[in-house]
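Residue numbers (our numbering): 43 to 347.
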């Protein structure tokens, strides 16, 4: 009996000594990312200070995936929900916006967006989506993106973030993505619209990294120094990866420097490393699209050349 009382008193003393009511900031941030790639970047920035989960398992097609009731509950319980944006999570927009609200963050706001090529590459005409008029938010984002760009350029020893056919940073565009989706609109990445596959370029992943760093620091300022250190380390790894890829791509003979793919996912990769995208089997950027007979004949003719 005496022993039981001692144990009870010990538990009570520990409870009273603890901060009142374990506040939310004392717990690690709970982050849900729409893809495994985005979750991996977030985990590298967060380290041990946050719990990062992926909404769907690796290999799931986000264009057609449908969240379960358990997935919706995880979105609602998360402190942050990270998405690629650029209409990549096209079929999930209503669920994401309803479940996460203002906790829904696009990692690609500062990424220079490229247009989706057609099945066989042609010159793009008037490809720029219609953007909103300049606002205070845009001006603020412009300053943020300018700072992020400077960090990435220094880390990668580059003179510019992107060259060639670029629509502009995501925050200035209407790609039909997060907070830009309207019921009844067609969820297909048409040629000339925003190409969502931004992660194929390590420079864009570096921009993700800085965006996630700033977001985590805002939600959890006590660990801002941790996020900054982790982001700096990860930027170094991405810069090294970029150099390694560039060296290997430089060994390819110019006449073999062309790409023909099944799905349009390598546009950013090709632009970064000087490869020529000559065509894709599936038109537009969506895996739900189907090539026409004319598209297939054009591709077959291209291959036979």
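Ideal Cβ positions, reconstructed from N, Cα and C, are used throughout, including at glycine. What you are looking at is a predicted structure, and each value in this text was computed from that prediction instead of being measured.
Using C-beta distances below 7 Å, list every residue in its chain close to residue i, excluding the 5 sequence neighbours before and after it, in chain order.
i: residue 249; result: 152, 153, 190, 194
i: residue 268; result: 89, 91
i: residue 339; result: none
i: residue 183; result: 151, 213
i: residue 100; result: 78
i: residue 84; result: 73, 75, 94, 124, 254
CB residue i to CB residue j, shorter than 8 Å?
i: residue 310; j: residue 265; result: no
i: residue 138; j: residue 131; result: yes
i: residue 117; j: residue 141; result: yes
i: residue 273; j: residue 252; result: yes
i: residue 283; j: residue 244; result: yes
i: residue 185; j: residue 145; result: no
i: residue 313; j: residue 204; result: yes
i: residue 123; j: residue 74; result: yes
i: residue 187; j: residue 129; result: no
Once you ignore the five residues that flank residue i on each side, which residues in its own chain have a CB closer than 8 Å to its CB?
i: residue 316; result: 291, 299
i: residue 181; result: none
i: residue 270; result: 255, 259
i: residue 208; result: 154, 155, 156
i: residue 114; result: 137, 141
In chain order, what residues of the same chain lie with their CB nearer than 6 Å to the CB of residue i, ignoring the 5 residues before and after it?
i: residue 336; result: none
i: residue 295; result: none
Among the options, which one has its Cα closest to the Cα of residue i?
i: residue 206; options: 70, 318, 85; result: 318
i: residue 96; options: 257, 106, 80, 110; result: 80
i: residue 71; options: 257, 242, 108, 127; result: 257
i: residue 281; options: 200, 297, 320; result: 200
Please check the pair residue i and residue j, which I expect to be a contact at CB under 8 Å, by giving their CB distance rounded to whole angstroms.
i: residue 261; j: residue 87; result: Actually they do not touch by this definition, with Cβ atoms about 12 Å apart.
i: residue 98; j: residue 111; result: Residue 98 to residue 111, Cβ: 14 Å. No contact.
i: residue 240; j: residue 320; result: That belief does not hold up - the Cβ atoms of residue 240 and residue 320 are roughly 21 Å apart, past 8 Å.
Pick out the complete beta strand (DSSP E) segments inside the region 94 to 138, 3 residues or longer, and give them in chain order. Runs found: 122 to 125.
Report the start-end ranges of each beta strand (DSSP E) in the region 70 to 97 that is 3 residues or longer and not cut off at the edges. Entirely contained in the region 70 to 97, the beta strand (DSSP E) runs reaching 3 residues are, in chain order, 71 to 75, 92 to 96.
Go through the region 230 to 279 residue by residue and report every complete run of the beta strand (DSSP E) that reaches 3 residues or more, in order. You should have found no qualifying run.
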